[in-house]
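The next block holds one structure in the form of structure tokens; read it before the comments.
There are 2 protein chains.
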Amino acid sequence: MVTRESPAAHLQIVRTREALREALARAPRPVGLVPTMGWLHAGHRALIARAHAETATTVVSIFVNPRQFGDPADLAKYPRNEARDVAICAEEGADLVFAPSVEEVYPPGFDTSVRVGEVAQPLEGAARPGHFDGVATVVAILFDLVGAERAYFGQKDAQQLLVIRQMARDLAIPTEVIAHPTVREPDGLAMSSRNVHLSPAERAAAPAIRRALLAARECWQNGERSADILRDRMRAELSEEPLAEPDYVSVADATTLRELKTIDGPTLVSMAVRFGATRLIDNELLD
Amino acid sequence: MVTRESPAAHLQIVRTREALREALARAPRPVGLVPTMGWLHAGHRALIARAHAETATTVVSIFVNPRQFGDPADLAKYPRNEARDVAICAEEGADLVFAPSVEEVYPPGFDTSVRVGEVAQPLEGAARPGHFDGVATVVAILFDLVGAERAYFGQKDAQQLLVIRQMARDLAIPTEVIAHPTVREPDGLAMSSRNVHLSPAERAAAPAIRRALLAARECWQNGERSADILRDRMRAELSEEPLAEPDYVSVADATTLRELKTIDGPTLVSMAVRFGATRLIDNELLD
Numbered sequence: 035m036v037t038r039e040s041p042a043a044h045l046q047i048v049r050t051r052e053a054l055r056e057a058l059a060r061a062p063r064p065v066g067l068v069p070t071m072g073w074l075h076a077g078h079r080a081l082i083a084r085a086h087a088e089t090a091t092t093v094v095s096i097f098v099n100p101r102q103f104g105d106p107a108d109l110a111k112y113p114r115n116e117a118r119d120v121a122i123c124a125e126e127g128a129d130l131v132f133a134p135s136v137e138e139v140y141p142p143g144f145d146t147s148v149r150v151g152e153v154a155q156p157l158e159g160a161a162r163p164g165h166f167d168g169v170a171t172v173v174a175i176l177f178d179l180v181g182a183e184r185a186y187f188g189q190k191d192a193q194q195l196l197v198i199r200q201m202a203r204d205l206a207i208p209t210e211v212i213a214h215p216t217v218r219e220p221d222g223l224a225m226s227s228r229n230v231h232l233s234p235a236e237r238a239a240a241p242a243i244r245r246a247l248l249a250a251r252e253c254w255q256n257g258e259r260s261a262d263i264l265r266d267r268m269r270a271e272l273s274e275e276p277l278a279e280p281d282y283v284s285v286a287d288a289t290t291l292r293e294l295k296t297i298d299g300p301t302l303v304s305m306a307v308r309f310g311a312t313r314l315i316d317n318e319l320l321d
Numbered sequence: 035m036v037t038r039e040s041p042a043a044h045l046q047i048v049r050t051r052e053a054l055r056e057a058l059a060r061a062p063r064p065v066g067l068v069p070t071m072g073w074l075h076a077g078h079r080a081l082i083a084r085a086h087a088e089t090a091t092t093v094v095s096i097f098v099n100p101r102q103f104g105d106p107a108d109l110a111k112y113p114r115n116e117a118r119d120v121a122i123c124a125e126e127g128a129d130l131v132f133a134p135s136v137e138e139v140y141p142p143g144f145d146t147s148v149r150v151g152e153v154a155q156p157l158e159g160a161a162r163p164g165h166f167d168g169v170a171t172v173v174a175i176l177f178d179l180v181g182a183e184r185a186y187f188g189q190k191d192a193q194q195l196l197v198i199r200q201m202a203r204d205l206a207i208p209t210e211v212i213a214h215p216t217v218r219e220p221d222g223l224a225m226s227s228r229n230v231h232l233s234p235a236e237r238a239a240a241p242a243i244r245r246a247l248l249a250a251r252e253c254w255q256n257g258e259r260s261a262d263i264l265r266d267r268m269r270a271e272l273s274e275e276p277l278a279e280p281d282y283v284s285v286a287d288a289t290t291l292r293e294l295k296t297i298d299g300p301t302l303v304s305m306a307v308r309f310g311a312t313r314l315i316d317n318e319l320l321d
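If you read the protein sequences in the order shown, they are chains A and B.
All residue numbers for the first sequence refer to the working numbering, where the first residue is 35 and numbers rise by one.
All residue numbers for the second sequence refer to the working numbering, where the first residue is 35 and numbers rise by one.
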């Protein structure tokens with residue numbers, strides 16, 4: 035690890051649209067944006083470090099976006115710790131943290147939504163109605179506000195990446211959307227802010243997701259091209275773990291997210307699985 | 035009129051997002067944008083001339099936006115004459131004309147919409163379902179694409195102005211939305227590209243709209259504060275003109291467009307009236 039001199043002394047925290055605009059007016063270009071909902075983990079660290087390496091000014095937004103939560107209970111229990119998050123931002127070389135209130139992102143009278151069509155409908159879109167409208171809307175705001183040359187997102191949220199790419203391209207927002215590989219625990223569990231909710235037994239069970247995805251990958255690498263056989267293989271693997279309750283198991287076109295019969299191009303294999311009250315997602319790209 | 039040396043020699047026409055970005059990369063700031071659907075008239079001339087006076091680079095977009103037409107027949111008959119429009123842009127001092135194809139604005143696979151809530155619902159929103167979704171979406175694209183400091187719209191389309199202001203503010207698009215007074219024919223008829231469709235008899239009848247609006251203004255200036263009395267006054271005035279078929283007659287809060295019982299603040303008086311197959315709108319702001 036490179037030693038940095040007092041990185042926190044350099045980091046600026048802004049909480050309003052106006053203060054962010056002012057701070058960015060004199061920021062060196064290009065600007066890299068890492069949008070987060072806080073409770074930063076090694077996955078976020080990797081995004082911030084990459085933005086820091088590739089751009090002249092790294093902006094991290096920390097905003098738990100109420101519009102992308104269908105369930106108020108899910109929103110209420112989403113973990114938060116700003117002081118810890120800011121320290122992590124500083125350690126990874128961020129220059130600016132944008133940590134607005136809900137009222138600052140959605141001012142009184144806010145009444146606009148951005149909606150992406152087909153690619154936002156299946157999988158997470160079907161499981162969480164309105165979720166991707168909330169994501170597309172807040173990311174459009176952040177992109178327009180920051181005017182970054184590049185924005186960094188984790189591949190773990192593969193559908194979110196597709197939705198954001200579609201939104202930015204369609205609306206001619208000149209921010210390049212960059213996907214960064216999923217960062218994992220040593221046992222293969224994808225880093226997620228939600229992992230904190232897992233009981234020790236659930237935590238021990240959660241790597242079943244990764245095992246199931248890797249089993250599908252192995253099938254595919256061995257030449258299997260039937261999507262149903264891959265789905266069955268994943269469900270069989272998950273069924274070995276009593277605490278794993280699959281929500282969906284998908285083998286879909288990696289661009290349109292249409293479910294496949296036969297694999298004959300880039301394919302996204304993904305799943306959502308509940309462990310007790312915690313719902314986790316993960317995916318593998320077969321290409 | 036100020037004499038200009040060969041303005042057309044200066045004007046640049048671009049047809050792609052990419053060419054527009056390139057042209058704007060070296061354009062003097064600030065940039066003023068005048069979004070139009072072509073068939074330019076004196077109202078557009080005033081917007082272009084104002085942008086030319088107030089900004090260093092004036093961009094006029096000419097794009098008949100299919101997404102804001104509910105009725106394919108209305109879209110098909112919308113008048114077009116690019117050569118004439120470009121000449122007018124040059125005469126009024128525009129620097130850049132963006133005249134894209136439908137496929138350039140909405141590339142294959144385009145699948146995003148921008149929707150504004152309450153203020154887009156009544157009046158034109160109720161009469162033309164989907165209209166303002168199309169307007170908000172195309173203007174978000176144009177704003178993101180051009181990155182203008184200012185954009186100019188005519189007050190004739192008062193609800194459109196409110197929808198665009200709401201969209202730009204909510205999505206943090208840093209383009210200031212400027213309303214310019216409606217430009218009128220000598221007999222009071224508001225300039226509109228649709229006026230070309232009026233038969234001579236309909237054209238002669240159309241100033242009834244303006245008379246009705248001014249009658250409402252006179253009532254209000256004389257102290258009347260009952261919205262219903264103003265509506266009745268306007269309907270009575272329109273009924274004097276056999277060719278005028280009112281679609282709606284509205285007395286609404288100028289910010290929310292909620293219909294009023296009592297006038298006690300800034301008020302938008304507006305109407306849509308059919309003359310044969312042509313539907314015209316106009317308004318007066320009571321403030």
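Quick reminder that beta carbons are idealized off the backbone N, C-alpha and C, glycines included.
Rounded C-alpha distance that separates residue i from residue j
i: R84/A; j: L196/A; result: 20 Å
i: N115/A; j: I122/A; result: 11 Å
i: G104/B; j: E158/B; result: 11 Å
i: T37/B; j: V131/B; result: Summary for T37/B: the model assigns pLDDT 46, below 50, so the residue's position carries little reliability; its value from the coordinates is reported in the next sentence. Taking the straight line from one Cα to the other gives about 21 Å.
i: R49/A; j: V136/B; result: 40 Å
i: F97/A; j: L74/B; result: 45 Å
i: D287/A; j: D167/B; result: 29 Å
i: A117/B; j: A202/A; result: 32 Å
i: V180/A; j: R55/A; result: 7 Å
i: E39/A; j: A124/A; result: The pLDDT assigned to E39/A is 48, lower than 50, so where the model puts this residue is not dependable; a value taken from the coordinates is nonetheless given after this. Each residue's alpha carbon lies about 11 Å from the other.
i: D8/A; j: P208/B; result: As displayed, chain A neither begins before 35 nor continues past 321, which places residue 8/A out of reach and without an answer.
i: V148/A; j: L223/B; result: 36 Å
i: E274/B; j: A311/B; result: 19 Å
i: I47/B; j: I82/B; result: 15 Å
i: D262/B; j: F187/B; result: 30 Å
DSSP-derived helix/strand/coil call for residue i
i: V33/A; result: This structure does not reach residue 33/A, given that chain A is present from 35 up to 321, and the question cannot be answered.
i: M268/B; result: helix
i: H75/A; result: coil
i: Q193/B; result: helix
i: M305/A; result: strand
i: I198/A; result: helix
i: E126/A; result: coil
i: T11/A; result: With chain A covering 35 to 321 only, the question about residue 11/A has no answer from this structure.
i: D316/A; result: strand
i: P106/A; result: helix
i: T289/A; result: coil
i: A85/A; result: helix
i: D281/B; result: strand
i: T296/B; result: strand
i: F187/A; result: strand
i: E137/A; result: helix
i: I243/B; result: helix
i: A90/B; result: coil
i: Q46/B; result: strand
i: V131/B; result: strand
i: A182/A; result: coil
Residue i vs residue j beta-carbon contact at 8 Å
i: P64/A; j: R184/A; result: yes
i: L320/B; j: T296/B; result: no
i: L67/B; j: L176/B; result: yes
i: A128/B; j: V150/B; result: no
i: T289/A; j: Q200/B; result: no
i: A90/A; j: P62/A; result: yes
i: D119/B; j: G77/B; result: no
i: V307/A; j: P276/A; result: no
i: E318/B; j: L247/B; result: yes
i: T171/B; j: R101/B; result: yes
Cβ-Cβ separation, residue j to residue i (assumed contact under 8 Å), whole Å
i: V217/A; j: P113/A; result: Not really, about 17 Å apart at Cβ, beyond 8 Å.
i: E79/B; j: E152/B; result: A quick correction: the sequence has Arg, not Glu, at residue 79/B. In fact, because the Cβ distance is near 33 Å, the residues do not count as touching under 8 Å.
i: M268/A; j: A239/A; result: Rounded, the Cβ-Cβ distance is 15 Å, inconsistent with contact.
i: L264/A; j: V303/A; result: 7 Å
Residue i beta carbon near the ligand HEM (any heavy atom closer than 7 Å)
i: P142/A; result: Annotation note on the ligand HEM: not contained in the displayed structure, which lists no ligands.
*What are the residues of the stretch 144–169 of chain B that lie near chain A, defined by any Cβ-Cβ distance shorter than 8 Å?*
F144, D145, T146, S147, V148, R149, V150, G151, E152 and V153
*asked:* Counting only Cβ-Cβ distances shorter than 8 Å, please list the residues of the stretch 44–56 of chain A near chain B, keeping chain order.
replied: R51 and R55
_Residues of the stretch 185–216 of chain B whose Cβ lies closer than 7 Å to any Cβ of chain A, in chain order_ = Q200, M201, D204, L205, A206 and I207
_Under 9 Å (Cβ pairs) to chain A, residues found in the stretch 96–107 of chain B_ = none
*Determine which residues of the stretch 254–274 of chain B have a Cβ less than 9 Å from any Cβ of chain A, and write them out in chain order.*
none
*Scan the stretch 107–137 of chain B for residues whose Cβ lies nearer than 9 Å to a Cβ of chain A and list them as they occur along the chain.*
none
_Using a Cβ-Cβ cutoff of 7 Å, what residues of the stretch 172–185 of chain A are near chain B? List them in chain order._
A174, I175, D178 and L179
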